[in-house]
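What follows is a set of notes on a single structure, which appears directly below.
2 protein chains.
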Amino acid sequence: MNRITQKLSPSLEDYLEAVYRISLNGKIPRVKDISALLKVKTPSVVAALKALERRGMVVHEKYGYIELTRRGEKEAERIYKTHMVLKQFFEKVLGVDSSIAEEDACTIEHYLNQDTFDRLVKFLEFIETCPNQTPFWLKSFHHYVEEGERPPGCGKRNGNKKEQ
Amino acid sequence: MNRITQKLSPSLEDYLEAVYRISLNGKIPRVKDISALLKVKTPSVVAALKALERRGMVVHEKYGYIELTRRGEKEAERIYKTHMVLKQFFEKVLGVDSSIAEEDACTIEHYLNQDTFDRLVKFLEFIETCPNQTPFWLKSFHHYVEEGERPPGCGKRNGNKKEQ
DNA sequence: TATAAAATATAGTCTTATCTAACTTTATGG
DNA sequence: CCATAAAGTTAGATAAGACTATATTTTATA
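Going down the list, the sequences are from chains A and B. Just so we're aligned: the first sequence equals residues 20 to 183 in our numbering. Just so we're aligned: the second sequence equals residues 20 to 183 in our numbering.
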């Protein structure tokens with residue numbers, strides 16, 4: 020049976036990511052752990068691992084070890100990074116609850132274009148490298164969300180010079 | 020056959036949105052238009068319309084008119100709004116190309132939590148209602164993306180007072 | 001170390017969503 | 001007004017991804 024090169028489906032990406040995350044936690048990934056993490060039954064896991072194996076992403080010996088290949092690890096890393104970036108954005112920028120941010124990140128990670136991802140990374144970078152701990156505009160936005168109006172002094176700088 | 024109340028699948032949401040968008044353009048939606056818009060074959064459209072009808076979202080008479088129900092229109096509106104908000108964010112904030120922004124919006128619209136959506140709306144609102152045409156920080160971000168470094172004077176305000 | 005329990009695997013079913021091929025209805029231009 | 005083209009529908013195939021029920025293997029324990 021030849022190897023399949025096609026892009027992974029969202030579902031298979033989830034399984035791959037699960038293997039990766041369990042490994043990150045220092046555990047040896049078992050079918051049961053994956054099934055618990057993704058809330059699916061074990062036969063679904065076995066089927067998915069078989070599909071991932073056909074795609075050269077994991078090695079899975081019957082009743083035995085589950086390991087990422089080089090390719091699988093790189094791919095899982097990419098997905099996981101996207102996940103973390105999205106979660107960070109939802110939580111830290113938009114101020115969404117941690118659990119909802121997690122949920123959204125978990126689905127959207129499969130659909131974000133590379134370019135969009137790159138720019139989102141830059142956006143977070145831009146915020147983090149601000150000379151202030153948290154940029155004033157971001158504090159203002161959070162104030163705006165909580166109070167329904169901009170804080171005093173927000174947007175009083177550059178442009179709109181008449182008002183300064 | 021009883022009506023199904025379950026949430027629509029991403030695929031059905033796409034069909035519903037397609038009907039809505041064609042109607043918005045002042046056209047009477049035809050199977051062929053939907054198939055062209057979504058790049059699927061006409062039998063897929065017919066099957067989807069049947070499923071949407073079972074869910075009380077459209078009325079479709081054989082060989083005849085396709086119309087949104089009240090419920091269908093409300094739902095389509097919600098999806099379309101999400102689409103537009105996402106596209107706006109990708110394009111205007113992140114600076115992603117129009118076609119990629121469209122593509123990402125088109126998939127992600129199906130997966131965004133209400134709360135995340137609400138905050139994204141507020142975020143765009145926050146930007147649009149800035150006393151300046153475009154907030155300084157947003158210009159700075161775009162500069163940062165283009166040039167690889169923050170423009171002079173970025174982040175020199177409030178907090179970090181020692182450096183001011 | 002035999003056996004029960006836990007983990008894993010297989011077989012087979014169901015649903016969703018797509019397709020192609022073939023058929024039916026509607027629209028249109030001589 | 002009717003022949004033919006265009007549009008729409010039906011039937012049947014296929015693939016993915018989940019499930020249940022059952023079988024098999026491994027592990028733990030009495």
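We put the beta carbon where it would ideally sit given N, CA and C, even for glycine. Every value quoted in this text rests on a predicted model; they were computed, and no experiment measured them.
- At a cut-off of 7 Å between beta-carbon atoms, residue 98 of chain A makes no contact with chain B.
- Within chain B, the C-beta atoms nearer than 7 Å to that of residue 138 of chain A come from 113, 114, 115 and 164, in chain order.
- Closest by C-alpha distance to residue 114 of chain A, out of B:137, B:65, B:110 and B:111, is B:137.
- Boundaries around residue 50 of chain B are those of the alpha helix (DSSP H), 50-57, since no beta strand (DSSP E) includes it.
- Buried is the label assigned to residue 85 of chain A, since at least 16 other Cβ atoms lie within 10 Å of its Cβ.
- Beta-bridge partners assigned by DSSP to residue 41 of chain B: none are found.
- At least one beta carbon of chain B lies nearer than 7 Å to the beta carbon of residue 134 of chain A.
- It is roughly 16 Å from the alpha-carbon of residue 145 of chain A to the alpha-carbon of residue 109 of chain B.
- Contact of residue 141 of chain A with chain B is assigned, a C-beta pair being separated by under 7 Å.
- Interface annotation, residue 101 of chain A: not in contact with chain B, CB-CB separation never under 7 Å.
- Approximately 15 Å separates the beta-carbon atoms of residue 119 of chain A and residue 101 of chain B; this is outside 8 Å, ruling out the contact.
- Counting C-beta pairs with one atom in each stretch, the region 149-161 of chain A and the region 67-79 of chain A have fewer than three that are closer than 8 Å, which means they do not touch.
- Excluding the 5 residues flanking it on each side, residue 23 of chain A has same chain C-beta neighbours closer than 6 Å at 73 and 74, in chain order.
- For residue 143 of chain A, the enclosing alpha helix (DSSP H) has its first and last residue at 133-147.
- In this structure residue 123 of chain B is buried. Its beta-carbon is surrounded by 16 or more other beta-carbon atoms within 10 angstroms.
- Looking at the backbone, the Cα of residue 61 of chain A and that of residue 143 of chain A are separated by about 38 Å.
- Residue 103 of chain B sits exposed, since fewer than 16 C-beta atoms from the chains shown fall within 10 Å of its C-beta.
- Secondary structure of residue 87 of chain A (DSSP, three-state): strand.
- Residue 162 of chain A is bridged by DSSP to nothing; it lacks a bridge partner.
- Across the set A:37, A:80, A:133 and A:140, the C-alpha of A:37 shows the shortest separation from the C-alpha of residue 59 of chain A.
- In the DSSP assignment, residue 78 of chain A is bridged to A:86.
- Nearest CB-CB separation between residue 108 of chain A and chain B: not below the 7 Å threshold.
- A straight line joining the alpha-carbon of residue 25 of chain A with that of residue 31 of chain A spans about 12 Å.
- Using a Cβ-Cβ cut-off of 7 Å, residue 88 of chain B does not count as an interface residue toward chain A, since no Cβ of chain A sits closer than that to its own.
- When the Cα atoms are used, residue 81 of chain A and residue 90 of chain B turn out to be separated by approximately 50 Å.
- Residue 130 of chain B and residue 170 of chain A have their C-alpha atoms spaced approximately 32 Å apart.
- In this structure, DSSP gives residue 47 of chain B a state outside helix and strand, which the three-state scheme calls coil.
- About 16 Å separates the CB atoms of residue 105 of chain A and residue 39 of chain A; that is not less than 8 Å, and the two are not in contact.
- The C-alpha of residue 96 of chain B is placed about 20 Å away from the C-alpha of residue 64 of chain B.
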